[in-house]
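Below is one structure, written out as structure tokens; the observations come after it.
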Amino acid sequence: MPGVVMMDGGASHFQSTNHDRSNGPRTNGAQGSPNGLVNHVGNQSALGTNTMPNGNTDGSADAGSSRSPAPVTSRMNDLPDEIQHITQGFIPLRLLLCRLAQQTQNELGDEIMALAKMPLPSSVMNGNGVGADASVDDNSPENLNKKVRLLNFVQEKHGEWVKALIIVNWSRKAEPVSKLIDLMHHINKTRAVYQASLDYMINIRRDLTYARIPNPDLRTALQVLSTGQAPWMPELNYIQPPQITPEEQLRWIENLNTLLSIRLNLDEHENIPEQFQNFEIQSGRITFKVPREFEVDLTIADEDPEKQFWFIDFRFAFQPAPSELTDRLREVLELKVNEALQKDGLPGCYKFLHEFVLTHKITEYYRQAMDLSRGRWVDMLAVERLRRAMAIHYWSGRRSDGPQSYLIMGVSSGKDSSSIAGQRNSSRLTLRWFRDGTEVKDVQFPLDEESISTEALLNRVIGKHTEHILRGFHNVMKSQGRYVEHEASLGLNIVDGRPEESALTMQLSHEQCLTIKVAPITGMLLAMPPSKGNFDLQSQLNKEVRRPVTDQVALLERFRCSFVEDELNRRGKSRGWSVCNRPPVKPEEARQFLGIRGTYQLIWLKRRGLPDGWYIMVGQSLNGDQWWLTEIIERSDSNKIMAHARLPLSPSIPRYSDKFFAELTFFSSAMMSQIGILGAMHKERMKYAVQDRINPLLPPNMKVPSIHVRLSEILGRHHPHVSKNISSWAFDTVEINLKTIENRLPQSMDPAAGPGSRGSNEGIAPLASEQHRYNIVVDARVKVADPSRFGPLRGNVERDVAFNERLGVFAFSIEAAVGSSILDTLAHRLQALSRLAGSIDAIRQSPQDVQCEEITLNNVKFSYTDRARSTNAEAQQNSHRWTASLDLQTENIKLILDPGNPQLRAAEQFDKLINSAEGFKGVPWFLSTTLPIHRALSSVEHAWEALAMTNQCRVNISVISLDCYTIQYTLNLAKDVSRCLTLFVKLQSYNAVPQWHVYREETGPQRQPDDEFQKILQKVWLSGERPWRRLGPSVAADATDGIEALVKATDEAIRPLAVKSPSISKQPQPKMAAQKNVGQTKSVAASKPRPPQQTGLAGKVVISLDD
0 MPGVVMMDGG
10 ASHFQSTNHD
20 RSNGPRTNGA
30 QGSPNGLVNH
40 VGNQSALGTN
50 TMPNGNTDGS
60 ADAGSSRSPA
70 PVTSRMNDLP
80 DEIQHITQGF
90 IPLRLLLCRL
100 AQQTQNELGD
110 EIMALAKMPL
120 PSSVMNGNGV
130 GADASVDDNS
140 PENLNKKVRL
150 LNFVQEKHGE
160 WVKALIIVNW
170 SRKAEPVSKL
180 IDLMHHINKT
190 RAVYQASLDY
200 MINIRRDLTY
210 ARIPNPDLRT
220 ALQVLSTGQA
230 PWMPELNYIQ
240 PPQITPEEQL
250 RWIENLNTLL
260 SIRLNLDEHE
270 NIPEQFQNFE
280 IQSGRITFKV
290 PREFEVDLTI
300 ADEDPEKQFW
310 FIDFRFAFQP
320 APSELTDRLR
330 EVLELKVNEA
340 LQKDGLPGCY
350 KFLHEFVLTH
360 KITEYYRQAM
370 DLSRGRWVDM
380 LAVERLRRAM
390 AIHYWSGRRS
400 DGPQSYLIMG
410 VSSGKDSSSI
420 AGQRNSSRLT
430 LRWFRDGTEV
440 KDVQFPLDEE
450 SISTEALLNR
460 VIGKHTEHIL
470 RGFHNVMKSQ
480 GRYVEHEASL
490 GLNIVDGRPE
500 ESALTMQLSH
510 EQCLTIKVAP
520 ITGMLLAMPP
530 SKGNFDLQSQ
540 LNKEVRRPVT
550 DQVALLERFR
560 CSFVEDELNR
570 RGKSRGWSVC
580 NRPPVKPEEA
590 RQFLGIRGTY
600 QLIWLKRRGL
610 PDGWYIMVGQ
620 SLNGDQWWLT
630 EIIERSDSNK
640 IMAHARLPLS
650 PSIPRYSDKF
660 FAELTFFSSA
670 MMSQIGILGA
680 MHKERMKYAV
690 QDRINPLLPP
700 NMKVPSIHVR
710 LSEILGRHHP
720 HVSKNISSWA
730 FDTVEINLKT
740 IENRLPQSMD
750 PAAGPGSRGS
760 NEGIAPLASE
770 QHRYNIVVDA
780 RVKVADPSRF
790 GPLRGNVERD
800 VAFNERLGVF
810 AFSIEAAVGS
820 SILDTLAHRL
830 QALSRLAGSI
840 DAIRQSPQDV
850 QCEEITLNNV
860 KFSYTDRARS
870 TNAEAQQNSH
880 RWTASLDLQT
890 ENIKLILDPG
900 NPQLRAAEQF
910 DKLINSAEGF
920 KGVPWFLSTT
930 LPIHRALSSV
940 EHAWEALAMT
950 NQCRVNISVI
960 SLDCYTIQYT
970 LNLAKDVSRC
980 LTLFVKLQSY
990 NAVPQWHVYR
1000 EETGPQRQPD
1010 DEFQKILQKV
1020 WLSGERPWRR
1030 LGPSVAADAT
1040 DGIEALVKAT
1050 DEAIRPLAVK
1060 SPSISKQPQP
1070 KMAAQKNVGQ
1080 TKSVAASKPR
1090 PPQQTGLAGK
1100 VVISLDD
């Protein structure tokens, strides 16, 4: 069929045309013509129509036409619908010219090389060419030969290019040429139909000759019908045999059966072949039955045993087979079987029929194979008939070159090297299998001789081939560590005879599996279930069939890695985990500690909200998957892995659910914090121990180790003296467990966060902000030696502290940023607990009447009196109890006294005692012992308030220490010379009994001058019935009762001196003026507690009446 050369932009440089070459592809020199026709502007103007393909068009008109377009036709070239438009055989003009130019260039180069190899003229070789006249032509034979050869080459190529030029010129008339091709094809097609009709009619006329019936012989028919005879018809003189009655027929058949039985059992006993041992005699015939082959009926025509058997009938004993023989086949079988019976007897009969049946079976296999090759096995099955054998090539479309897979069925003689001499072996059908061009001898295919099925045979053979392919995958993969350690399941299911059900199942994830099958018809590897990724994998597996199995397994592993990466990215993104597109470090950095042999793939995961620089690295290979927590430090040259820890995930493939990612977030955060805590301990050279512990929030395989560290080392970091008293109240072990994580938002992002808020919002989901951070909650536990001492602490002591009295364990819940150390916070909490324990011990062991009222970790509230501890409950209830509390929150413990407590003046001294090395041990005793003296001093201050309003006298009380006080009286302040009295009150022990000693000591040369103050003191100290006693220049009183009476009595004796002062008596104080003066002056009274005013180093409390 003639073709059309399609011209495109590649031919525009040969000759200009009137086509618009600025847009779109060109076909036959025309733009936008998909059918290869030229669209001439001039032709369009003349015809008034556009060139369209034979079919529907989009109806778009020429944008450059100034007039309305003509109606669009529905056919190309304006041809009727009966004429088919031909596009087959069209060749682009650009391709033709490019090929011609390339061929010309290649042949020109070859011609130049050939000319260079031709011999040179003799004149040139002898050196005579130098200086010769250039105007004279070289007519040497060698030069002429070169010129002739070059001229022939030029002429040949000139002819080819002239043809190309003609084709280019003809391409401008592609439209009429295309129309001519369509018309010529239609004419030829019509002519062929006409010729076929003519041949059909001639054949019918020829076949009617044999169907013609001769004219009836009416004369003979009339004679026979009327007279019953016709003289002109010949007489055959047939003698009618006598009719046999049924009894005779039965007797004759019984006799015949008897003769057959006698002959087989006596005469033919040794000549009966082994295969004819199964026979049946009835109805005057003997039926030999060969299982799965045939049944033949024989009889005899003579009583002589030397006479042969005769053939009666034949039937096939397998399916499919014809139920009845055709007349032609029956005649042939009768002739051949009778000949074999006459020549070789029953063995010859069996041999002939056996070979006939084997041939028929091969023919049946061939017939079914041909039907399959024309049906659904088309282009995948090639069948060849080889005399009494046949070959079936399956999967013929799987590979175009290389060895093929096929099977050959033929007839074997049955003789082999193992056969015994003299033993008769019958022939049989044999099957030889060639897999990829190599015969497989260790696999046998037993043929089903009873039911002939080529498709079933192919399924068995292809099933073995499929098993070979899938088992090759399975053998390579099952030896890898990933499947040896049962990290993933790998299953091989082989179904004999049903290759479409044989499959290799490889687990990709917890829920997804990849099933590899082999298509029985095409032989292509199938990746199930159908998906885009599985389709790409299937294309790569079938791209190179002869690829080694190891490469195919590596391809499957790469697909699994990409599937897991996609699964992690898809499922983890909603939980804040994302896969890094670019690895943060080079693969060589991770190879050092991975220990993976062979190829592997790394996946880097990062969690939003966790510290920067921490990544989860997933190393995937056939040896097994590894999950690592890594800390990466960025450097100018390249990033480095500073810390790494393997995550002990489940040996099986994890299920990438929301729960898994939540557990991964917690576990990775716990490991980060543990690394941070252990790093801080290692930096401070603290000894610790790590022990695996199961966390209820994590699966059993994710064990976050607990850290055990000495309590003394934690408390001794900044307070060495504190660690010495640990053994008295607690065991020297602290257990640190990572409990949970909390989601925290920055304070600037919390809409409800005020100036003093913590900036946390636990109600916001983890994905509410990109700037949220996670904090780790650590559970630190300390076991106390005596749980009963912390009896008031039950349950939750505070929001983040709990105490179990039954176990005697304190549990601290400490929240810190992920990856940071908690040692400072833990040390602060433990120090508070140590203070609490010391305070409770001091209160419990104190001999004074001190009782704990309320205990928390940050505060201890207790009450006390000035009495010793007594078992009399009534006495304790009648005495007034003062309350105080210890503030343990700050670095230095602070004693807080109730308002109105007379001991407020000594609060600073109490604080110094508490924060000293002695601690709180002596505070309860001092509080109870100094309470009477403080009551007495408060009464002194109260008694002198009114006198101090006159600005003529004052009393100053100073607290030098908790066991030493001074009382200074100053009189006559308005005069130049004032009178002073200074009394020292000091606590001393006498025979292990505390006593207060009061003595006078003035500044100056005379410590105890003999003045009016001395006389008053002697009078008071020497008075009768007194609860104190004189000790030389001082007086001693009991610490409980006597000191208060002594101080009050002394003050009452001195106060009249101030009342009798002249300055006071000359200044009457009206009631109203006195009240006014009271409002204008500043007074400090013991009944109005306030912080003591420090005067000097002694910390004196000065009560003054300043203007």
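Numbering that gives the first Met the number 0 numbers the first residue of the sequence shown as 0 and each following residue consecutively.
Note that CB positions come from ideal geometry on N, CA and C, so glycine has one too.
All values reported here derive from a predicted model rather than from experimental measurement.
Pull up the CB-CB distance for residue i and residue j, whole angstroms please, since I reckon it's below 8 Å.
{"i": "L961", "j": "A905", "result": "6 Å"}
{"i": "F1022", "j": "H996", "result": "In the sequence under discussion, the amino acid at residue 1022 is Ser, which differs from the Phe named in the question. S1022 to H996, Cβ: 18 Å. No contact."}
{"i": "A867", "j": "V1046", "result": "Not a contact, Cβ separation roughly 21 Å."}
{"i": "M117", "j": "E141", "result": "7 Å"}
{"i": "S884", "j": "I892", "result": "Wrong, their Cβ atoms sit about 11 Å apart, outside the cutoff."}
{"i": "V859", "j": "V781", "result": "Not confirmed; about 18 Å, so no contact."}
Please work out which residues of its chain come closer than 6 Å, Cβ to Cβ, to residue i, disregarding the five sequence neighbours upstream and downstream, and give them in chain order.
{"i": "K920", "result": "A841"}
Helix, strand or coil: which one does DSSP assign to residue i?
{"i": "V289", "result": "strand"}
{"i": "E734", "result": "strand"}
{"i": "W169", "result": "helix"}
{"i": "C963", "result": "strand"}
{"i": "E333", "result": "helix"}
{"i": "S705", "result": "strand"}
{"i": "A379", "result": "Correcting the residue identity first, residue 379 is Met in this sequence and not Ala. Residue state, collapsed to three classes: coil."}
{"i": "E279", "result": "strand"}
{"i": "Y599", "result": "coil"}
{"i": "Q374", "result": "According to the sequence displayed, residue 374 carries Gly and not Gln. Of the three classes helix, strand and coil, the one that applies to G374 here is coil, per DSSP."}
{"i": "C1131", "result": "The structure shown has nothing for residue 1131, since the chain only spans 0 to 1106."}
{"i": "G618", "result": "strand"}
{"i": "G490", "result": "strand"}
{"i": "L119", "result": "coil"}
{"i": "R384", "result": "strand"}
{"i": "S541", "result": "According to the sequence provided, residue 541 is Asn. The question's Ser does not apply to it. N541: helix per DSSP, three-state reduction."}
{"i": "L822", "result": "helix"}
{"i": "E940", "result": "helix"}
Sorted by chain position, which residues of the same chain lie with C-beta nearer than 8 Å to residue i's C-beta, five sequence neighbours on each side aside?
{"i": "P704", "result": "Q673, V689, Q690, D691 and R692"}
{"i": "T429", "result": "M408, G409, V410 and S411"}
{"i": "L930", "result": "Y863, T864, D865, W881, P901 and Q902"}
{"i": "L567", "result": "W576, V578, I602, L604, V617 and Y655"}
{"i": "I1110", "result": "It is not possible to answer for residue 1110, since the shown part of the chain is limited to 0 through 1106."}
Enumerate in chain order the residues of its own chain whose CB-to-CB distance from residue i is below 7 Å, with the five nearest sequence positions on each side excluded.
{"i": "L524", "result": "I515, V517, Q537, L540 and N541"}
{"i": "P304", "result": "R262 and D266"}
{"i": "F1119", "result": "Because the chain in this structure spans residues 0 to 1106, residue 1119 falls outside the shown range and cannot be described."}
{"i": "N458", "result": "G496, R497, P498 and P519"}
Inset, instruction - Evaluate contact between the region 906 to 914 and the region 951 to 967, counting only Cβ atoms and requiring at least three cross-stretch pairs below 8 Å. - result: yes
Legend entry - 4-residue-minimum alpha helix (DSSP H) runs that sit fully inside the region 630 to 684, ordered along the chain: 657 to 682
Legend entry - Touching by the beta-carbon criterion (3+ pairs, under 8 Å), the region 567 to 580 and the region 421 to 439: no
Inset, instruction - Tell me the start and end of each unbroken alpha helix (DSSP H) in the region 834 to 913 that is at least 4 residues and wholly inside, in chain order. - result: 872 to 877 and 906 to 913
Legend entry - Segment contact flag, the region 515 to 526 with the region 450 to 466, C-beta cutoff 8 Å, min 3 pairs: yes
Inset, instruction - Pair every Cβ in the region 923 to 930 with every Cβ in the region 942 to 952, then say whether three or more of these pairs are closer than 8 Å. - result: no
Inset, instruction - Determine, using beta-carbon pairs with one atom in the region 301 to 320 and one in the region 344 to 359, whether at least three such pairs fall under 8 Å. - result: yes
Inset, instruction - Decide yes or no for the touch test of the region 75 to 86 against the region 150 to 162: beta carbon pairs closer than 8 Å, at least 3 of them. - result: no
Inset, instruction - Assess, as a yes-or-no matter, whether the region 545 to 559 is touched by the region 580 to 594 under the definition of 3 or more beta carbon pairs within less than 8 Å. - result: no
Legend entry - the region 604 to 612 / the region 810 to 826 touching (three or more Cβ pairs under 8 Å): yes
Inset, instruction - Decide if the region 466 to 485 is in contact with the region 390 to 407; the criterion is three or more beta carbon pairs, one per stretch, under 8 Å apart. - result: no
Inset, instruction - Ignoring anything shorter than 4 residues or poking outside the region 193 to 275, list the alpha helix (DSSP H) runs there in chain order. - result: 217 to 226 and 245 to 261
Legend entry - Three or more C-beta pairs below 8 Å linking the region 354 to 374 and the region 496 to 503: no
Inset, instruction - Enumerate, from N- to C-terminal direction, the unbroken beta strand (DSSP E) stretches of 3 or more residues contained entirely within the region 391 to 445. - result: 404 to 411, 427 to 434 and 437 to 439
Legend entry - Inter-stretch contact (C-beta, 8 Å, three-pair minimum) for the region 484 to 498 and the region 640 to 658: yes
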